[in-house]
Amino acid sequence: MGERFSSSCRDRAAIWAAEKNSTINIHTDSLSSIAALKSASARSGFANNIKKDLFQRKHLVGLSWVKAHIGIQGNELADQQAKLATTTGVDKDIPAPRSFIKRTLNIYMINEWNEYWRQYDSASGARVREYLPGVSPKFLIHNKFLIFFLSGHGPFLQYFCRFKFLDSPLCVCGEVGDADHYTFCCSLTQKFHLLKPADAHKKAWLQNLINNPQALNRLKEAFRISGEVCDSLTQNA
1 MGERFSSSCR DRAAIWAAEK NSTINIHTDS LSSIAALKSA SARSGFANNI KKDLFQRKHL
61 VGLSWVKAHI GIQGNELADQ QAKLATTTGV DKDIPAPRSF IKRTLNIYMI NEWNEYWRQY
121 DSASGARVRE YLPGVSPKFL IHNKFLIFFL SGHGPFLQYF CRFKFLDSPL CVCGEVGDAD
181 HYTFCCSLTQ KFHLLKPADA HKKAWLQNLI NNPQALNRLK EAFRISGEVC DSLTQNA
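Residue numbers (the UniProt record's numbering): 1 to 237.
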């Protein structure tokens, strides 16, 4: 974060030099930033944009390295100001009530969170979206077995196989040992099966499950058995 902030400052200094048509020399204690700007193979779009700005103003802007924490007044002052900015921020005069600002920022945060949620491209993300249409600060799952079920990350043979703890994702009954298998159809967990919902009813099914202690206990027992299967097979692997 500090290096990115430092690079941003250099970029702004270069723009200022061009606007004022003034010659400046920028001193920095970040060797890695200088190396990134000198590199011909840098992949960072952020670094390449700064390189472009500095190159366009090369007759106005110089760049020098200085050793950190040796008492150079300007460098020490810059460090102090950077640290101060992380704690105090920037004063803003916004003609609106505090409650309005908090509400607006909260709405913005939730919208951004939902956008990320919709774009999250992974098997576990797609599975969770089948049951949860969007994010909400009011919705918080404390039950780890419910998290196992929704994410598919838990005591399941398919999950263990994915991370090379086992060679096969197949349960001892011959089916793929994933979360759905042990929750709905494995013969080993038959006593604790839950009724499998249709795709159109998955969201309502989850809400009912969350509010049903008996169903949650059945889920816990089913995953206890799946965990025992995983332990048995990993010990023999």
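Idealized CB from N, CA, C, for every residue including glycine.
In this text the structure is predicted, and so the values were computed from the model without any measurement.
Buried/exposed call for residue i, threshold 16 Cβ in 10 Å
i: Gly2; result: Residue placement at Gly2 is flagged as unreliable, the pLDDT there being 46, under the threshold of 50; a coordinate-derived value is accordingly withheld.
i: Asp178; result: buried
i: Arg12; result: exposed
i: Ser64; result: exposed
i: Ile50; result: buried
i: Lys20; result: exposed
i: Cys173; result: exposed
i: Ala14; result: buried
i: Ser226; result: buried
i: Tyr182; result: buried
i: Phe223; result: buried
i: Ala36; result: buried
i: Arg43; result: exposed
i: Arg98; result: exposed
i: Phe165; result: exposed
Coarse secondary structure for residue i, derived from DSSP in three states
i: Val128; result: helix
i: Leu209; result: helix
i: Val176; result: strand
i: Leu157; result: helix
i: Leu170; result: strand
i: Val90; result: coil
i: Leu146; result: helix
i: Val135; result: coil
i: Gly227; result: helix
i: Asp185; result: Before going on, a small fix: residue 185 reads as Cys here, not Asp. Helix.
i: residue 238; result: Residue 238 is absent from the structure shown; the chain starts at 1 and stops at 237.
i: Asp121; result: coil
i: Ile101; result: helix
i: Leu233; result: helix
i: Ile141; result: coil
i: Phe163; result: coil
i: Ala198; result: coil
i: Ala96; result: coil
i: Ala222; result: helix
Among the options, the one whose alpha carbon lies nearest that of residue i
i: Arg129; options: His142, Gln235, Phe149 and Lys144; result: Phe149
i: residue 252; options: Ser168, Thr104 and Gly174; result: Nothing about residue 252 can be reported from this structure: the residues present for the chain run from 1 to 237 only.
i: Lys144; options: Thr86, Leu216 and Asp180; result: Leu216
i: Ile34; options: Asn48, Ser22, Leu140 and Thr23; result: Asn48
i: Ala18; options: Val61, Leu105, Ile94 and Ile101; result: Val61
i: Gly74; options: Trp205, Asn25 and Arg43; result: Asn25
i: Ala204; options: Ile141, Ala42, Arg218 and Leu132; result: Leu132
i: Arg127; options: Lys202, Thr23, Trp16 and Phe160; result: Lys202
i: Phe192; options: Leu84, Ala200 and Asp180; result: Asp180
i: Phe55; options: His69, Ala40, Lys67 and Ala68; result: Ala40
Can you list the beta strand (DSSP E) stretches of 3 or more residues lying completely in the UniProt domain "RNase H type-1" (1-87), in chain order? List check, beta strand (DSSP E) in window: 24-28 and 61-65.
For the structure I just gave you, are there three or more beta carbon pairs, one from the region 12-30 and one from the region 67-80, closer than 8 Å? yes
Does the region 179-193 touch the region 101-116, meaning 3 or more C-beta pairs lie closer than 8 Å? As far as the Cβ criterion goes, the region 101-116 does not touch the region 179-193, which means the pair count is below three.
Counting pairs of Cβ atoms below 8 Å between the region 224-233 and the region 145-159, do you hit three or more? yes
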